[in-house]
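Residue numbers (my numbering): 9 to 195. In this text, a Cβ means the ideal position worked out from N, Cα and C, and glycines have one as well. Take a look at the structure set out below.
Encoded structure:
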């Protein structure tokens, strides 16, 4: 496990992930002065593509459909316009997912688990380590190929997972750090 550190910005350099300078302000706004950050990670940049795959496939099918319909005499657009529209919508989807990726941060402190996400509507989930009852790792095939995984957290009193750390690099290593923190600080 990466050793906890106490610095003015409450970050640690670890083998799993280091917090870049641009994230320090965001991290310091989430974490209290009396907490120690054990781990601060973002989803892998592959999150942008992986979370967009289904929507990009739908855009491709609709674009091909519009391009095919452009051959019919009564439709007012050309196949070039259909492809241009498809490319623009695809770029918009990827840009939106990029903003989403940029605003996601997963933090483990000596007191709580934190998940911050959202572009327009920011959602901040935090749960004390003592309330974490179950954790889970989900590694889909597409994530396994890229060395990624998703970690779920369930708190006491709920029958579902309350939050997910999506597309995390080295998910089994991150999960072991989380479990060790729960055992050490949460019990």
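Sequence-distant residues of its chain with Cβ nearer than 7 Å to residue i (five each side left out)
i           : result
residue 126 : 111
residue 51  : 109, 112, 174, 175, 176
residue 117 : 39, 43, 44, 45, 46
residue 21  : Summary for residue 21: the model assigns pLDDT 38, below 50, so the residue's position carries little reliability, and this model does not support an answer.
residue 2   : The requested residue 2 does not occur in the structure, where the chain is confined to residues 9 to 195.
residue 98  : 64, 67
residue 34  : 113
Residue i and residue j closer than 9 Å at C-beta
i           : j           : result
residue 109 : residue 38  : no
residue 40  : residue 67  : no
residue 58  : residue 150 : yes
residue 72  : residue 85  : no
residue 189 : residue 137 : yes
residue 182 : residue 159 : yes
residue 82  : residue 156 : no
Own chain partners of residue i with C-beta closer than 6 Å, once the 5 adjacent residues on each side are dropped
i           : result
residue 134 : 120, 122
residue 114 : 49, 123, 173
residue 195 : none
Contacting residues, own chain, Cβ-Cβ under 8 Å from residue i (five flanking each side not counted)
i           : result
residue 101 : 60, 63, 64, 67
residue 163 : 135, 139, 140, 141, 170
residue 70  : 94
residue 106 : 56
residue 24  : Confidence is the limiting factor: at residue 24 the pLDDT is only 39, short of 50, which leaves the residue's position unreliable and the question unanswerable from this model.
residue 91  : 71, 75
residue 187 : 143
Proximity winner among the options, relative to residue i (alpha-carbon distances)
i           : options      : result
residue 128 : 104, 34, 70  : 104
residue 178 : 32, 154, 166 : 154
>> Under 8 Å, with one C-beta from each stretch per pair, do the region 139 to 153 and the region 75 to 82 reach the 3-pair mark?
In response: no
> In the region 73 to 160, which residue ranges form an unbroken beta strand (DSSP E) of at least 3 residues, counting only runs that do not cross its ends?
Replying inline: 113 to 117, 120 to 125, 131 to 136, 140 to 146
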